[in-house]
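Everything on this sheet refers to the single structure shown next.
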Amino acid sequence: MRLVQRITSSLRAKLLTIFVLLTMIPLIGEGLISYMKSYQTVSEHSTAANALIAEGLRRDIDILFQDTTSFLQIRKSPPVLRFLTAQSETYEDAKEILHTFELYRETYKLGGQIVNISMVNTYGKGISEKKGVFQMDADPLKNPHFLTLLNNPEQTLIIPPQAARPEDRMDGSDYEGRRVISIAKAVTQRVTHEIIGFILIDMDDRTVENFCNTTLIGETGFFYVVDEQGNPIFLPSRVEGLDPAALTFAADTDKGSRTDRSAGEPLFYVHTRSEMTGWSIVGRAPLKEIMRDADEIKSLTLYSVLFNILFTVSLYFFLTNRLIRPVQYLKNKMRQAASGNLDAKARNTGTDEIADLGHSFNIMLGQIKQLLERSLKEQEQIKKAELRTLQAQINPHFLYNTLESIMWMAETRKHDEVIALVKALSQFFRITLSKGRDQIHIKSELDHIENYLVIQRMRYRDILDYEVDLPEELNPYPIVKMSLQPLVENALYHGIKNKRGRGLIRITGGFTPDGDIRIEVRDNGAGIPGARLAQLQEQLAHGQSAAALEANASSSGGFGLLNVHQRIRLHYGSPYGVSIESEYGVGSCISVRIPAAWR
Numbered sequence: 015m016r017l018v019q020r021i022t023s024s025l026r027a028k029l030l031t032i033f034v035l036l037t038m039i040p041l042i043g044e045g046l047i048s049y050m051k052s053y054q055t056v057s058e059h060s061t062a063a064n065a066l067i068a069e070g071l072r073r074d075i076d077i078l079f080q081d082t083t084s085f086l087q088i089r090k091s092p093p094v095l096r097f098l099t100a101q102s103e104t105y106e107d108a109k110e111i112l113h114t115f116e117l118y119r120e121t122y123k124l125g126g127q128i129v130n131i132s133m134v135n136t137y138g139k140g141i142s143e144k145k146g147v148f149q150m151d152a153d154p155l156k157n158p159h160f161l162t163l164l165n166n167p168e169q170t171l172i173i174p175p176q177a178a179r180p181e182d183r184m185d186g187s188d189y190e191g192r193r194v195i196s197i198a199k200a201v202t203q204r205v206t207h208e209i210i211g212f213i214l215i216d217m218d219d220r221t222v223e224n225f226c227n228t229t230l231i232g233e234t235g236f237f238y239v240v241d242e243q244g245n246p247i248f249l250p251s252r253v254e255g256l257d258p259a260a261l262t263f264a265a266d267t268d269k270g271s272r273t274d275r276s277a278g279e280p281l282f283y284v285h286t287r288s289e290m291t292g293w294s295i296v297g298r299a300p301l302k303e304i305m306r307d308a309d310e311i312k313s314l315t316l317y318s319v320l321f322n323i324l325f326t327v328s329l330y331f332f333l334t335n336r337l338i339r340p341v342q343y344l345k346n347k348m349r350q351a352a353s354g355n356l357d358a359k360a361r362n363t364g365t366d367e368i369a370d371l372g373h374s375f376n377i378m379l380g381q382i383k384q385l386l387e388r389s390l391k392e393q394e395q396i397k398k399a400e401l402r403t404l405q406a407q408i409n410p411h412f413l414y415n416t417l418e419s420i421m422w423m424a425e426t427r428k429h430d431e432v433i434a435l436v437k438a439l440s441q442f443f444r445i446t447l448s449k450g451r452d453q454i455h456i457k458s459e460l461d462h463i464e465n466y467l468v469i470q471r472m473r474y475r476d477i478l479d480y481e482v483d484l485p486e487e488l489n490p491y492p493i494v495k496m497s498l499q500p501l502v503e504n505a506l507y508h509g510i511k512n513k514r515g516r517g518l519i520r521i522t523g524g525f526t527p528d529g530d531i532r533i534e535v536r537d538n539g540a541g542i543p544g545a546r547l548a549q550l551q552e553q554l555a556h557g558q559s560a561a562a563l564e565a566n567a568s569s570s571g572g573f574g575l576l577n578v579h580q581r582i583r584l585h586y587g588s589p590y591g592v593s594i595e596s597e598y599g600v601g602s603c604i605s606v607r608i609p610a611a612w613r
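Written as C-alpha cells, this is what we have:
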C-alpha cells in the first residue's frame, strides 16, 4: 500500500513505473525469450550435429565389418570346400588354401586389419594362416560359438574381444596378448546345404578403437562402444571406467541423446545402434562443451540486454530531467502562490505543453490577483452598503416619530398599543443587528417587515393596509439581511404616501420555473414617472457604485432599491438582484430574485 502511495504521489515515480512496465520488462522479456529460443535452437543443432558424428562413426564401423564379412565369401571357393570335405590333405592343397587367403586379402584390401584367417571342418581338422594345417584338440561342435552357428547356419557371428578367448580359437593362437574381434560363419555344401565346417576371421580390435579415438565430441569428450547388454566393448584408453548407468542407458532405444546431471558436472550423451553388429556407439562429453555456442549466445544476449538497459536508463534520466525539471520549477512556483505570493510568476523558455502550462499559470495568477482585489473591493462595498443600510434603519426621524407615537399612546392610556409598539420596535432593531450575520432566513426577514409595518401602521393607519402572502416552504431559505424591508419602506414613502386615499402593500413570492426564489413587493401607490423609472432600470442593469449610491441617497426611491440590488449581486452574483416595474399613477412592483440552493 505504501509503495502504491509512493508511486502515485510522485510524477517521477509514475514515469519510472511506466518506463519499467513499457521498456524494461519487455526488454528483459525479449532478451529472455531470445536467449531461450537461441539456446533451444543451438541445443538442437548441437545435438543433431553430435548425432551425425555418432552416425558417421557407426557407418565407418559398419563399413569395416561389411568389408570384413564380404571376405567370408571365401567359404564358397572350391579349394575351401575340397579341403573341408577331403579325407586327407596334401601339401599342395594346404598351399592352395593359403594362396586363396592371400588373394582375398588383396582383393578386399584387408591386409593390415586382419590378424588371422582360419577354418576347420566338423571333425576338428583345420588350417590357418598362423599355424598352417592343424588338428583341434577339442570337439569343434562343442564350441559355444560354433553351436550358435549350427542352429543358425546363415548367421554371421561377430564375437567381441571380451568373448573371443584364445581357447575358443581354432588354432589356439593368442596373438601375443593382442585383442581381436572374431567373425565366424558356417560353411555349407552347395547342394545339400549341410554344414561341413566353420571359417573364422580374427580382426585387430585397434582398428575399431582407432575409429573411436579419432572421432571427437566436444573438446574432451569421447566415444565408446557397448553391446546389447551394456557391456563395454571399446573404451578409450584415457578413460579408466564409466558409471554403470552410462553403459546401460543406450540399451532401450536405437538412437537418441540425454543429459545426465547426477554425477555433479552435467554430461551430454548421444548414441546410435548398429543393425549389423547390434552394438551401440555412445558419445559422452561435458554439457558445457556441447552448449558452448549456446553459452556464448547467452553471454551475448546478457551483454546486449545490459547495454540496452544502460542505454534506456540513461535515456530515461536524460528525458525525465528535461521533463521533470520544468515541472518541479512550476510546482515550486505554485507552492509559493499557494502560500500567498501571487507575484510568483513562472519563466517560460520553451514552446512545449509545460511552457503553455506555465503561461496559463501566470494568467491564472493574474486573474486570481484581480479577483482577490475585486473581492476585497466587493467586501468593502458590502460592508459600506450594510453600514448605509444600518444607518438607514436607525434613522433619527424614524426613531423620533416612533417614540413620539409611543408617548402619545401612553398619554392616552393605550397601554396594549404601547406594548405592541415597543415590542415591534425592539424586535425590529434586534433583527436589524442579528449578531452581525450577512444572511438570515426568509422567515426572519418577513418578521422584520411585520415589525416595521406594525410600527408604521400606528402612524399611517388612515392610509396603510398590507398583506404578506408567502408559502411557508420558503421560510428556511437564506436571504441577504434587510433586503425586503427597504423595498417595503420605499413602497410606503414613495408610493402610498404620495397617493390620495388608502393604499395597499402586498408581499408575495414563490419558486420560479428554473428553481430560484422570487419575492415581490407590490403597491398601488403613486407609481414612478417614466424618466425616473428608466433611470432606475438603467442603474439596476449596469450596477451602481458606492459614490452613486451616496449621490442617490436623497433621490426619490433610489437609495434603498439600489442598495438592496448591490448587496444581492455582491452575495449571489449577476443573475440575481432587484428588478422594477411601475406605471405612473397606478402603482409599482419590485421583485427580488435569489438562489434557492443556499439553504
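Note that the numbering used here numbers the sequence shown so that position 90 is 104, with each residue one more than the last. Even for Gly, the Cβ is constructed at its ideal location relative to N, Cα and C.
- The way I'd put it, the stretch 521-529 doesn't touch the stretch 489-497; fewer than three beta-carbon pairs between them come closer than 8 Å.
- DSSP, reduced to helix, strand and coil, places residue 207 outside both helices and strands of the structure shown, so it counts as coil.
- Here the alpha carbon of residue 29 sits roughly 8 Å from the alpha carbon of residue 334.
- Within 10 angstroms of the beta-carbon of residue 486 lie fewer than 16 other beta-carbons, which makes it exposed.
- A Cβ-Cβ separation of about 16 Å leaves residue 544 out of contact with residue 509 under the 8 Å criterion.
- Sequence-distant partners of residue 273 (beyond 5 residues in either direction) whose C-beta falls short of 8 Å from its own C-beta, in its chain, are 280, 281, 282, 283 and 301.
- Between residue 108 and the set 75, 145 and 137, the nearest pair of CA atoms involves 145.
- Cβ-Cβ distances below 7 Å link residue 33 to 330 in the same chain, with the five nearest sequence neighbours on each side left out; the list follows chain order.
- Of the other Cβ atoms in all chains shown, 16 or more fall within 10 Å of the Cβ of residue 214; this residue is therefore buried.
- In the DSSP assignment, residue 603 is bridged to 536 and 595.
- Selection 72, 393 and 134 evaluated against residue 237 yields 72 as nearest (Cα-Cα).
- Here residue 196 is bridged, per DSSP, to 173 and 216.
- With contact defined as three or more Cβ pairs closer than 8 Å, the stretch 227-241 and the stretch 193-201 are not in contact.
- By DSSP's assignment, residue 270 forms a beta bridge with 285.
- Between the stretch 182-193 and the stretch 122-134 there are three or more C-beta pairs closer than 8 Å, enough to call the two in contact.
- For residue 296, the pairing in a beta bridge is given by DSSP as 238 and 285.
- Residue 211 and residue 160 have their alpha carbons spaced roughly 9 Å apart.
- The residue from 45, 590 and 459 with its alpha-carbon nearest to that of residue 317 is 45.
- In the three-state reduction of the DSSP assignment, residue 81 falls in the helix class.
- Residue 275 carries a coil assignment under DSSP once its states are collapsed to helix, strand and coil.
- Per DSSP, residue 481 is one residue of the beta strand (DSSP E) stretching across 478-483.
- Considering only 138, 168 and 315, the residue with the shortest C-alpha distance to residue 183 is 138.
- Rounded to whole angstroms, the separation of the alpha carbons of residue 556 and residue 372 is 35 Å.
- Of the other Cβ atoms in all chains shown, fewer than 16 fall within 10 Å of the Cβ of residue 516; this residue is therefore exposed.
- Between residue 297 and residue 67, the C-beta gap is smaller than 8 Å, which places the two residues in contact.
- Three or more pairs of CB atoms, one per stretch, sit closer than 8 Å, so the stretch 346-365 contacts the stretch 374-385.
- CA-CA distance, residue 304 to residue 57, rounds to 8 Å.
- The continuous alpha helix (DSSP H) containing residue 312 extends over residues 306-352.
- Residue 511 has its alpha-carbon roughly 12 Å from the corresponding atom of residue 601.
- Just so you know, the alpha carbons of residue 533 and residue 476 end up roughly 27 Å apart.
- By the CB criterion at 8 Å, residue 439 and residue 463 fall outside the cutoff.
- By the beta-carbon neighbour count (other beta carbons within 10 angstroms, threshold 16), residue 97 is buried.
- For residue 113, the enclosing alpha helix (DSSP H) starts and ends at 105-122.
- By the Cβ rule, the stretch 308-316 does not count as touching the stretch 70-87, because fewer than three pairs are nearer than 8 Å.
- Taking the Cα positions, residue 290 is about 21 Å away from residue 227.
- In this structure, the alpha-carbon of residue 553 lies about 18 Å from that of residue 585.
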